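If you number the sequence shown the way the UniProt record's numbering does, the last residue is 1089 and the count never jumps. Just so you know, even glycine gets a beta-carbon here, dropped at the ideal spot from N, CA and C. If you're wondering where the values come from, they're calculated on a predicted model, not measured in any experiment.
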Amino acid sequence: MAKVQQVGLLAAGCQPWNKDVCAASGDRFAYCATLAIYIYQLDQQYNQFKLRSIMSEHKKTITAISWCPDNPDLFASASADNLLIIWNVAEKKAVARLDNTKGVPVSVSWCWNSADGLAFVSQRGPLYIWAYRGSDPGVTVHKEAHSFLSDICLFRWHPAKKGKLVFGHTDGSLSIFQPGSKSQKHVLRPESLEGTDEEDPVSALEWDLLSTDYLLVSNLHNGVRLVDSEALVCITSFCFPSAAASVQCLAWVPSAPGMFITGDSQVGVLRVWNVSRSTPLDSFKLKKTGFHALHVLNSSPAKKAQTSCSPSKSQHTSSTSEAVPPPTLSQNRSFSLPPGHAVCCFMDGGVGLYDMGAKKWDFLRDLGHVETIFDCKFKPDDPNLLATASFDGTIKIWDTNTLTAVSTSPGNEGVVYSLSWAPGDLNCIAGATSRNGAFIWDVRKGKIITRFNEHGKNGIFCISWSHKDSKRIATCSGDGFCIVRTIDGKILHKYKHPAAVFGCDWSQNNKDMIATGCEDKNVRVYYLATSSDQPLKVFTGHLAKVFHVRWSPLREGILCSGSDDGTVRIWDYTQDACINVLSGHTAPVRGLMWNTEVPYLLISGSWDYTIRVWDTRDGTCLDTVYDHGADVYGLTCHQNRPFTMASCSRDSTVRLWSLTPLVSPLLLNILTQQPWEKIIGNTDTAMVPGSPPLLCGKVSRDIKQELDKLSGDVRAKKLRWFSECFSPPGGSSNLWDLVFVINGQDDSLLPASYSKGVMHMKHLVKFKTSEAQELTIVKMSKFGGGIGAPSKEERLKEAADIHLRLGQIQRYCELMVELGQWEKALSVAPGVSMKYWKKLMQRRADQLMAEDNDDAIPFCIATGDIKKLVTFFSSRGQLLEALLIAQGACEGNIRSPPMFSVNHTLNDVDNREQYQSILQSVCKELAEWFFRDGCSVLAACCHLAVDDLQLGMASLIRGNELELAACVGLVLGEAANQSTAYCLELLARKYMTMPTWELSADLLGMIPDNHILLAKLCAFYPGSAAEIDQLHDRCGLPPMEECKALADEALNDGDLFSAVKLLLLSAEPEHALQIGINYVKGTGPRAWF
């Protein structure tokens, strides 16, 4: 079992290179990154799309995917390595492969009947049909679809007309084929292109689902047309509001005949059209960056059923009958968008699922790298912020707690090979590019503030900002120079190498020392305090070019280098020697990272797709990680969270890893209050081969110094600070904030980040109110907002006016409802009674909820219908909103309006109890949602937020966060004693191995009434007689010889339990087995034997 655990994944964005890169079927959708396919599926319970699997079999750029129309579990993919694969999503495996296709398949599509197989085409054709199953599998050529005069952009089979298909070409023309008819090649070019050689590629192409001949076609510059493939004429040219707007993609809306949507190429504008009009019905700006691909799901995610109290219309209408209202229309619009979900992919890699009916995102990953990520680094003053540099020309910053993008660098810089944060809180990043020199990006200002062009157009492979002297930045380049300059551009040193320089690193102990890695296979060390341009040291030994070099942060004079020869070498500057060669990688080494707390731990990443963890004391490889789908380029960790590592790769992902299992006894030594010598040491002690790990870095020293300053019981803070140091991001700090709140910590000591996480319920409304500057309570004075539709019949309005003048208010209200003029009905309803007004409000809320319309919220709040509102939010997966409503009700901010003028104190108490029950229920559901999402720590936070300590501890134990649970339980004290004891017992079992057996005894020693547990531990111990007696003594048990005599005494006294226990601890445990069997035989049913 791997010791390094993956704890986070930043998925790649959708690639912008090829056309058919998103697809959907049933409750699944998929999109293509450059080297992998990401498949999302609807979680029916929470009505949310979750990443279910990543298919990463292709080794070169994926060119297209297509979902099987007859089998929702199958889809096909093609790639630039001349490969086609058919996948079974449910089984998460490839079921068929076609290697060595003739030409790169640029577009694939299942034949009109998938039993016929899969069709694919390269740029000029021909169209191939791959029958991947059946009695005669193989590849055939379509009889007519070949010999094209222009490259193919994409093609589409007609979904209903057997064998009919259309091709779109780069010259703007279409080619149409159908059995029994003459082939039509290169027809229907846009009129403006006729008679010219200009090209205007077909950007999108879709058959009308309700016609055998009509199809929508868009050209990059000439817009969208509806054409007749039989008559070969253009029926409608659709007009855009701006000449600058161009269409990148389009899709029919299956739920609305004649309606389709388009995505603009320059800006993320989604336009809604109907074939009956040449201008768009509506448009929505969804993102600043342009669309790349669109796909409308045939079946929208099913909402949980909403109960509605609205009756069906009665045949007989009395003056008090309830009217049936018309559907709510959008304000200021004469049409309503159909229900439908569009998978939207954008040019910046963003991917989302847009609910067109509700006009909101159901799911959105706003940004994503779409190419190789070459480098990643944590912000020096914030372990939660990670910057990444990519082939796609951008640097992006990510919040590692939420795995979401925080910001991205402006513009495209070409390939960004390397990045380096400015020291401290300067909030700037230096970047190195392939052709555009180096730059400094001021993150706060959002702009590039400095550029360095000393290397000309040569690629800069590494940039390093000195953290000992913030004015100095070093770069190394393909031109053979390592240049050190000040941040204002003044060159301090220009070190010439005999070949390209790939890596450089500042010494962590000497601000004037820098090391470089060169194509000539050598490592060099330069000293900046002298004027010489010659290196102080040159280390030789690698058999191929040296890429990165890294100084040890803990051992002065020690550095490592990675090479194309597949090895990592450890050099001792003081001895002028290579002191170790780490062999194991089968391809060039790129990523290198020393651990900042344990001096012998070194991690490397390679083009062999693996990450290896090394013990540099003896060169042992402690673990090999195979999760990345391509070359591993960057590795990094933050000194405040030294056992969380980030890695980046050619597979366009960033992954977070926990290294804690590699040093697992350390946190338990802290937990069991071992002496400091077993926790913190110096590097000489830690480097003794075979010795247990010790902390030697800055963060552990700082924690100890802070603890030494405190008086009284420091255990709670000691456990918290070390636990946060060992725990990965994703909720541990949030959890500890809640633990200290429960233990009575003053609110003024809570960090600023507390309000962004799961808050204790006593703080929720207070913090949200502060954030919004007002309570989220909708007053009942805002009903005249023009919600209703226009009057249907003047006669009916006149009748309603007569009813009103006659004082028949209820009849007037019902007629207004029938006309859709709810605001008028609700404004006079109190004239009937408050009870009637409340019922009318509830009917309006029910109608809006049935339409999944957010306008229902104020109606529920005004009538105090908390349960309905919480159910509404929960059914849409908006559990945090449900939680806020429930807590607002518990604090008395939302209540039912009084029906009579009497004292409602008792009623308020009853309501509070009901609201408290709802709050607990919502917290449990939110916790379960987090747990199912793999976030057991955040699930525990939800339970602690409502003071449910037992369920909070249970979430941590269920999620195998045993060390964290034990720390938290000990700090919570008596209220969590039972769970803490169980957790300590599980940990003791976990560490019942030879090197840590005594640690298990110490863990059990912390449990009250632990005699039997300690006896079990000793009974399992496999050591020598002397070692067993030593463990017995540690556990307060008699020696083995004495155990035998005591067992005989117990047997004579009739105490079978004690006799069996003592015999198991003796040198003759088999006697205990015989006594036990005899006892069971004598008391149990004879049928068992």
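Which one or two residues does DSSP pair with residue i in a beta bridge?
i, result
"Gln6", "Trp657"
"Gly503", "Gly517"
"Ser649", "Val632"
"Ser77", "Ile65, Ile85"
"Lys396", "Thr388, Thr408"
"Met593", "Ile603"
"Trp207", "Leu215"
"Trp929", "Answer is none; Trp929 lacks a bridge partner."
"Gln842", "In DSSP, Gln842 forms no bridge with anything."
"Ser420", "Ala430"
With H, G and I counted as helix, E and B as strand and the rest as coil, what does DSSP make of residue i?
i, result
"Cys560", "strand"
"Tyr600", "coil"
"Ser955", "helix"
"Thr279", "coil"
"Asp708", "helix"
"Asn911", "helix"
"Gly786", "In this predicted model, Gly786 has a pLDDT of only 32, less than 50, meaning its place in the structure is not dependable enough to derive any value."
"Cys1018", "helix"
"Asp1009", "coil"
"Pro1085", "Its pLDDT being 42, under 50, Pro1085 is placed unreliably in this model, and the coordinates cannot settle the point."
"Arg451", "strand"
"Lys379", "strand"
"Thr34", "coil"
"Val549", "strand"
"Pro257", "coil"
"Ser781", "Any answer about Ser781 is weak, because its pLDDT of 29 lies below 50 and its placement is not dependable; what the coordinates show is given next. Reduced to three states, the DSSP call for Ser781 is coil."
"Ile670", "helix"
Just how far apart, CA to CA, sit residue i and residue j?
i, j, result
"Asn510", "His467", "11 Å"
"Ala1067", "Gly1054", "21 Å"
"Gly480", "Ser563", "17 Å"
"Cys637", "Asn453", "30 Å"
"Glu998", "Phe1020", "13 Å"
"His542", "Gly629", "27 Å"
"Pro790", "Pro898", "Any reading at Pro790 needs caution, since the residue's pLDDT is 34, under 50, leaving its predicted position unreliable; the model's value is listed next. Going by the C-alpha atoms only, they are around 33 Å apart."
"Phe391", "Phe167", "32 Å"
"Leu83", "Trp130", "12 Å"
"Ala499", "Thr394", "28 Å"
"Cys923", "Phe49", "21 Å"
"Arg958", "Ser936", "8 Å"
"Gly431", "Glu891", "51 Å"
"Arg912", "Thr863", "15 Å"
"Phe240", "Ala251", "17 Å"
"Asp572", "Pro553", "13 Å"
Is residue i buried or exposed, if buried means 16 or more other CB atoms sit within 10 Å of its CB?
i, result
"Thr140", "exposed"
"Gly268", "buried"
"His292", "buried"
"Pro16", "buried"
"Phe1057", "exposed"
"Tyr40", "buried"
"Arg655", "buried"
"Gln810", "buried"
"Arg28", "buried"
"Ala243", "exposed"
"Asn595", "buried"
Would you mind stating whether residue i and residue j have Cβ atoms separated by less than 9 Å?
i, j, result
"Ser652", "Ala36", "yes"
"Ile460", "Ser420", "no"
"His186", "His169", "yes"
"Asp1029", "Pro1039", "yes"
"Asp62", "Val106", "Checking the sequence shown, residue 62 turns out to be Ile, not Asp. Cβ atoms of Ile62 and Val106: not closer than 9 Å."
"residue 1097", "Met356", "This structure cannot settle anything about residue 1097, because the visible part of the chain is limited to 1 through 1089."
"Ala1059", "Leu1051", "yes"
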